Amino acid sequence: MEALFFIALLIIIILLFIIKSRQKDTENRTHQSFLSLKKELVELKETIKNLPAKELPVTQTDENVVQWRPYIPPIIEPQISPALPELTPVIEKDGFVSSPFTPKSEEPVASPKEPDLPPYVNPLPSENWWAKWLRNNPDLEKFIGENLINKIGITVLVLGIAFFVKYAIDQNWIKEAGRVSIGIGCGIALTGLAHYLRNTYRSFSSVLAGGGIAVFYFTIAFAFHEYQLFSQTAAFVIMVVITLFAVMLSLGYDKLELAVIAAIGGFITPFLISSGSGNYIILFTYLLILNMGMLALAWFKKWQAINVIALFFTLCIYGGWLVQNTLFGNGFLLYKNSMVFATAFYVLFLGMGMVNNIRNQQPFKAFDFSLLMLVTFSYYAAGVTNLHYWNEGAYQGLFTIALGMINFCLAAYFYTSNKGDKNLLYLLIGLTLTFISLAAPVQLHGHTITLFWSAEFVLLYWLHQRSNIRIFKYSSFIILILMLISLLMDWKKANDFNVNHLMVIYKSLQGFITNIVAVVAFTFYAVLLRKEQNTTVYVAGVKNNVAGTAMIMIAVIILYLTGVFGANLYFYNAKTLDIPNTWHQLITYLFTALLLWIINRYRLSVTIVLQLLLIAGCVGMYLLSIPNVIRLRNGVLLDQYPAIQFWVHWLADMLLIYLLYRAILLYRNYRSLFLPARNFVLWLINIVLIAFFSVECMHAYVFLTTPLQNINTALQQYLKAGLTIVWALCSFAIMWLGMKHKYKTLRIISLSLFSLALVKLFLFDIRNISEGGKIAAFIMLGILLLIISFMYQKLKKIIIDDTTR
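Residue numbers (the working numbering): 6 to 810.
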């Protein structure tokens, strides 16, 4: 305390002496200049008076002499130049048109002469401080006598007085009240000096006033803590008065520095007079009153530093108290009062960040938006923390929606009243959408979040189309991504609790409904995108038509996975994939057939390659499922599975035949697209058909002959004789199609298959085959070969004249 007084007193005396001495020097120099100028003026006046007066000759005016008159320029009327006669081309005898005039030959133009540059002169070296000081003080003796000695003397005198005061305090000559009086006197002196210099030294006077206010704060704090000269209430009231005085000075002087000092002093006042009782109600009430003062200050001045200081100290004080009581305390029972104070702080700082811009119709800048977002999210964090202890967090979602509605009401008010700029409106709309979107994961759980976001992203895009506000579109896209993530999390959660080997993505009716709602949401979203022009950009340069197609594909994929994994859920207790795999095939083929029918019916712009890839996927699934189908067939024959499950397989085969038929139609209708690999595609289609009929005829033969013999015997007979007959029949059908449609490639495929059947017959089937099978195979092949030969002979002219296709 004593050291503070000494330093303040020393600074005051030194500054007063320096300033007074500079002022005196300036006055002396000005007075000397004025006297010198006055003396020169007097001498000049005396010189003019002493000059002899000369009489000017009087000239007689002569009428014959031309007298001087002011020259008046004549008014010249503008002459209108006659119109130039039209130049008509002259027709020469040789038929060429001569030019109406012949330009003269251009004389060579002399190139401009470059000016002679002056020689480069090195700049003079800059004058250092010592040379400048010598130039300003040519008389060293005068400088030491008039300036230096008095400054040294006053410094020594101040140090002597300071040592004397310190000695007096040490000897207890100056009591506590005297020490406090010295501090208050220092503060008054600094403030008074600042007021005296406010017009000539504005910045310096602000520093002095700030120092005086700081001395006031610390003097009262020491008087309360060290000497107990004031009660806590009296000290608090005095510091509030000091704060109000500092605010008035900042407004009167229009100086931000004083407002900053006042704000900092106001926020540290509770800690300067704290007695350690920890009464948070009094503390937060004082903070509310102080922030109201800062709000009033923000009404008059746009000082961002005040808002930052007030927000920083409030966050530190309230946030530190909240963290201490929630993380390091045994339960938090003050959540209701804490929520009330947090709400009051939010309202004050929200107004503090917007009141001056709205009052003066100033645009909001990035820093203003940052403060508003910090205030909003800090309040949200405090509110969620308090409500966590209020009825076990039952009101957290309601609080999130309420905060979103507050921002929505502000946005509606600014929109209807034309107050605030467009960027503020967009910020409030963005905050509204953010909190409404956060309400789902805060309050809801699991599938309910996905349902909420499914409806929200469609609604946001619909609002974008109605209002043409792009933030709705971008928010819709963000919520769409979040919805997909939430849906995937629901699927993963359902499968994590699965105790069976069959994968599932939902385990209840609620999960099924969630998937269907997602499908409907993406479908409506695609419809909204289709309503706009195809050239309109959706997001990140993606066109609306491409985005609409992507939404349809997502909806189709979700619907397909819902059906496929629904079969897994239905056969949840199945030990193998035999039965679920059959339903997977049926759902996949049915789904693909419906897609192709919709594409063909409504002539959608879907590429041929994509349609063929869908069919190829179904064919690949069929080939990979052959082992499961064989086990299913054997299980049905051995009464291990219901017979209806294999009828499901037959139904799936009918759908696959339709898909293969669609592939043939695509090949025939768009043959030019397959021109580079036309024959390869045709061979591939025929191989798939032959494999399909070979496998399905095997299942049919085993089903028909099993009552008479066992499965392995029937299977061996089919592989040796039945498969050869099937290949022969397929070869005959392909040959008939090739002759009917005059397609040479089909006929080559037929002959190749006949050759393969003959090789198989004579190399493999002839051995260890029954007499009946051997007879049937030979007779069937012989008849077919004769028929083919007859067809070639009968249609010889057509085949020879046929152009290769």
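Ideal Cβ placement from N, Cα and C applies to all residues, glycine included. On a predicted model such as this, the values are computed, not experimentally measured, just so you know.
Inset, instruction - In the DSSP assignment, find the unbroken alpha helix (DSSP H) run with Met253 in it and report its ends. - result: Annotation: the continuous alpha helix (DSSP H) that includes Met253 extends over Gln237 to Tyr258.
Inset, instruction - Please report how far the alpha carbon of His187 lies from the alpha carbon of Tyr323, in whole angstroms. - result: Residue 187 is actually Ile in this sequence, not His. About 36 Å.
Inset, instruction - Select from Ser255, Val731 and Trp467 the residue whose C-alpha is nearest the C-alpha of Leu302. - result: Answer by Cα proximity: Ser255.
Inset, instruction - Under 6 Å Cβ to Cβ from Leu429, same chain only, skipping five residues before and after it: list those, please. - result: Excluding sequence neighbours, Leu429 sits near Phe369.
Inset, instruction - Under 7 Å Cβ to Cβ from Ala387, same chain only, skipping five residues before and after it: list those, please. - result: Cβ within range, chain order: Leu327 and Ala347.
Legend entry - Thr519 burial status per 10 Å Cβ neighbour count (16 or more: buried): Thr519 is classed as buried because its beta carbon has at least 16 other beta carbons within 10 Å across all chains shown.
Legend entry - Helix, strand or coil at Lys747 [DSSP, three-state]: Note: Lys747 maps to coil in three-state DSSP.
Inset, instruction - Specify the secondary structure class of Val542 as computed by DSSP and reduced to three states. - result: Strand, per DSSP.
Inset, instruction - Give me whichever residues DSSP pairs with Lys548 in a beta bridge. - result: Lys548 pairs with Val542.
Inset, instruction - Tell me where the alpha helix (DSSP H) around Gln650 begins and ends. - result: Note, Gln650: alpha helix (DSSP H), Ile649 to Asn674.
Legend entry - Leu791 classed as buried or exposed, judged by whether at least 16 other C-beta atoms fall within 10 angstroms: Classification of Leu791: exposed, given that the 10 Å Cβ count is below 16.
Legend entry - Neighbourhood of Tyr479 by C-beta distance below 8 Å, restricted to the same chain and skipping five residues each side: Taken in chain order, the residues that qualify are Val544.
Inset, instruction - Whole angstroms is fine: what's the gap from Ala657's alpha carbon to Leu595's? - result: Rounded to the nearest whole angstrom, the CA to CA distance from Ala657 to Leu595 is 8 Å.
Inset, instruction - Answer yes or no: do Leu234 and Asn312 have a C-beta to C-beta separation smaller than 8 Å? - result: Between Leu234 and Asn312, the gap from beta carbon to beta carbon reaches 8 Å or more.
Legend entry - Short Cβ contact (8 Å threshold) for Ile563 with Ala523: It is a contact, given that the beta carbons lie within the stated cut-off.
Legend entry - Backbone secondary structure at Ser481 - three-state DSSP: Residue state, collapsed to three classes: helix.
Inset, instruction - Using only alpha-carbon positions, find the residue among Ile484, Gly546, Thr205 and Asp501 that is nearest to Tyr530. - result: Considering only Ile484, Gly546, Thr205 and Asp501, the residue with the shortest C-alpha distance to Tyr530 is Ile484.
Inset, instruction - Could you tell me whether the Cβ atoms of Thr710 and Ala719 are closer together than 8 Å? - result: Their beta carbons are under 8 Å apart, which means Thr710 touches Ala719 by this criterion.
Legend entry - Option nearest Leu261 by Cα separation, candidates Gly298, Trp308 and Pro275: The option with the nearest alpha carbon to Leu261 is Trp308.
Inset, instruction - Would you decide whether Ser86 is buried or exposed? Buried here means 16 or more other CB atoms lie within 10 Å of its CB. - result: Because Ser86 carries a pLDDT of 48, less than 50, the predicted location of this residue cannot be relied on, and the following value inherits that uncertainty. When all chains shown are included, Ser86 counts as exposed.
Legend entry - Assigned secondary structure, Trp395 (DSSP; H/G/I helix, E/B strand, else coil): Trp395 falls in the coil class under three-state DSSP.
Inset, instruction - With a threshold of 16 other CB atoms inside 10 Å of the CB of Glu461, please say whether the residue is buried or exposed. - result: Answer is buried; the Cβ neighbour count reaches 16.
Legend entry - Own chain partners of Phe272 with C-beta closer than 6 Å, once the 5 adjacent residues on each side are dropped: So the qualifying residues of the chain are Phe318.
Legend entry - Of the listed residues Lys548, Thr597 and Arg606, nearest to Leu619 (C-alpha basis): Comparing C-alpha distances from Leu619 to each of Lys548, Thr597 and Arg606 shows the shortest one belongs to Thr597.
Legend entry - Contained alpha helix (DSSP H) runs [length at least 4] in the stretch 716 to 743, N- to C-terminal order: Whole alpha helix (DSSP H) segments, 4+ residues: 716 to 722.
Inset, instruction - Note down, in chain order, each residue of its chain lying with its Cβ closer than 8 Å to the Cβ of Val185, except the 5 sequence neighbours on either side. - result: Shown here for Val185: same chain residues with a beta carbon closer than 8 Å to its own, the five before and five after excluded, namely Thr224, Phe227, Ala228, Tyr232 and Leu234 in chain order.
Legend entry - Residue range of the unbroken alpha helix (DSSP H) whose run includes Ala194: Here the alpha helix (DSSP H) through Ala194 covers Glu181 to Tyr201.
Inset, instruction - Classify Ile792 as helix, strand or coil using the three-state DSSP reduction. - result: Helix, per DSSP.
Inset, instruction - Assuming Val447 contacts Gly402 (C-beta within less than 8 Å), just tell me the rounded distance between them. - result: That pair is a contact at about 5 Å.
Legend entry - Contact belief for Ile441 with Ser491 at Cβ below 8 Å, rounded distance in angstroms: Ile441 to Ser491, Cβ: 15 Å. No contact.
Inset, instruction - Report the rounded CA-to-CA distance for Ser383 versus His469, giving the unit in angstroms. - result: Rounded to whole angstroms, Ser383 and His469 show a C-alpha spacing of 29 Å.
Legend entry - Bounding residues of the alpha helix (DSSP H) (the contiguous stretch that carries Ser513): From DSSP, Ser513 is part of no alpha helix (DSSP H); its letter is neither H nor E.
Legend entry - Residue closest to Trp496, alpha-carbon to alpha-carbon, out of Leu487, Asn204, Val509 and Ile486: Cα-wise, what sits closest to Trp496 is Val509.
Inset, instruction - Give the straight-line distance between the Cα atoms of Ser794 and Phe759, rounded to the nearest whole angstrom. - result: Ser794 and Phe759 have their C-alpha atoms roughly 12 Å apart.
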